[in-house]
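Below is one structure, written out as structure tokens; comments come after it.
Pasting the structure below:
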């Protein structure tokens with residue numbers, strides 16, 4: 531059971547994940563984030579696919595060349611959001627991990643909608659719900675109404691944007707990360723993309739295998 535570090539929550543709501551949950555290796559956090567719940571106002575999403583960007587030595591990591599204005603949030607403290615703009619159009623939500631001063635995070639690649647579907651559809655300018663409604667990290671940022679101004683936001687505190695606990699998922703798939711052709715071969719092939727087994731809410735099913 532999680533403790534008072536999680537903050538307050540309304541009766542019937544799952545408790546917030548504590549900051550200590552995130553202060554671990556990105557790959558361990560990525561695995562444990564599967565099935566957890568992202569909340570912003572009326573929108574509630576269940577995490578179904580993630581990618582770990584580890585420290586040190588991961589040549590796919592945004593922090594591989596050091597601290598910049600763009601990646602500042604990724605250096606910690608853990609449990610904060612790191613939101614960056616990709617291709618000038620997609621806002622990508624990452625959860626900062628590891629110890630402060632270690633640039634690591636987990637990218638949220640796909641989710642299943644739990645509540646607030648009408649708001650999600652409006653933000654995504656769609657008229658009906660169907661997979662892959664939230665299969666892809668840009669779609670997550672759009673559904674939550676995020677931009678880079680959310681970087682540094684504490685996900686372990688109530689209000690605004692937070693992550694809530696949920697039961698562990700029964701089975702997990704793993705495979706190579708997506709869109710990192712610039713990385714070293716060993717990092718391109720590392721099975722650091724994780725997904726919930728048996729769900730349609732996965733952005734790139736190919737390459738995923740049972741863990």
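Numbering (our numbering), first residue to last: 531 to 741.
Quick reminder that beta carbons are idealized off the backbone N, C-alpha and C, glycines included.
Query	Result
Option in 654, 656, 665, 631 with minimal Cα separation from residue 637	665
Assumed close pair residue 561, residue 710 - CB separation to whole angstroms, cut-off 8 angstroms	About 19 angstroms separates the two Cβ atoms, so there is no contact after all.
Contact set for residue 541: own chain, Cβ-Cβ below 8 angstroms, skip 5 residues either direction	Confidence is the limiting factor: at residue 541 the pLDDT is only 40, short of 50, which leaves the residue's position unreliable and the question unanswerable from this model.
First and last residue of the uninterrupted beta strand (DSSP E) at residue 583	573-583
DSSP beta-bridge partners of residue 702	726
Extent of the continuous alpha helix (DSSP H) to which residue 650 belongs	647-654
Among 706, 682, 658, 705, nearest to residue 601 - alpha-carbon criterion	682
CA-to-CA distance, residue 559 to residue 684, given in whole angstroms	16 angstroms
Environment of residue 788 [buried if 16+ CB atoms lie within 10 Å]	Residue 788 lies beyond the stretch modelled for the chain, which goes from 531 to 741, so this question has no answer here.
Secondary structure of residue 736, DSSP reduced to three states	coil
Simplified DSSP state of residue 638, which is helix, strand or coil	strand
Reduced DSSP category for residue 684 - H, G, I as helix; E, B as strand; rest coil	strand
When 612, 651, 607 are compared against residue 622, the one with the closest alpha-carbon	612
Short Cβ contact (8 angstroms threshold) for residue 739 with residue 722	no
Straight-line Cα distance separating residue 579 from residue 594	23 angstroms
Between the CA atoms of residue 731 and residue 670 - distance to the nearest angstrom	11 angstroms
Neighbour flag for residue 584 against chain D, beta carbons, 8 angstroms	In the structure shown, chain D does not exist; there is a single protein chain.
Minimum C-alpha distance to residue 546 - residue among 631, 663, 691, 643	691
Burial state of residue 693, where buried means 16 or more other Cβ atoms lie within 10 Å	buried
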